[in-house]
Amino acid sequence: MTSPDGRRYLLGQAERYDWVEMWPRVVGTRIALIEELGGVSDEQARWTPPAGLVEGAEDGWSILQVARHVLGWSEYALANIEALGNGRAATAELPPSPVAEDTPLAEIRRGVIEVSQRMASVTSRMPSPPDEAATMEHERFGPLPARAWFAFVRLHDLDHIGQIKGIKAAEGYPS
51 MTSPDGRRYL LGQAERYDWV EMWPRVVGTR IALIEELGGV SDEQARWTPP AGLVEGAEDG
111 WSILQVARHV LGWSEYALAN IEALGNGRAA TAELPPSPVA EDTPLAEIRR GVIEVSQRMA
171 SVTSRMPSPP DEAATMEHER FGPLPARAWF AFVRLHDLDH IGQIKGIKAA EGYPS
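Numbering (the numbering used here), first residue to last: 51 to 225.
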């Protein structure tokens, strides 16, 4: 999805769905991502496909690296969605991963579940209705309000679900 197309999509989703209607779309996709991480052994999690082998994915990322990224990005996205929904300024930079490189996948998956639980209840920590005027700049999609960032969680998760499935289907993936 190109940047202008992605921006239109996210803003369109934010207009089309209110927070309640968007919730099952975002949470359902997050559950699918968590399920993709389930049943992956440590050996499989650490396996890195050769560069260029998984189409549309970050070159040379293992499932473990994808999971670490999802965990850190989720904490970042949640903090920003909550800040924007409350009319506050949001953090513009993605912090380093909150877990060490050698953290086992099961532990990272648990962290993803925990941040996802907080993400699922984010509107309970916002006024009713949440602020829709505050925005935060996205490097590819431009300024987005809280609800568009919430929609972006789904888009981000869909990309990484595809990446994980691609890694699992790649030649040489441990069985």
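Using N, Cα and C, we set each Cβ at its ideal position, and we do this for glycine too.
Phe202 is positioned such that its CB atom lies no closer than 8 Å to that of Leu87. With respect to Ala198, Ala64 sits close: the two C-beta atoms are nearer than 8 Å. Using a Cβ distance threshold of 8 Å, Gly62 and Phe191 do not count as a contacting pair. Rounded to the nearest angstrom, the gap between the Cα atoms of Ser53 and Tyr223 is 32 Å. In the three-state reduction of the DSSP assignment, Glu164 falls in the helix class.
Per DSSP, the beta-bridge partners of His188 are Gly192.
In terms of Cα proximity to Trp73, the closest of Ser174, Lys215, Ala220 is Ser174. Between Ser178 and Asp207, the alpha-carbon positions lie close to 27 Å from each other. Distances from the alpha-carbon of Leu128 to those of Glu157, Lys215, Gln167, Ala220 put Gln167 closest. In the three-state reduction of the DSSP assignment, Ser124 falls in the helix class. The three-state secondary structure of Ser112, taken from DSSP, is coil.
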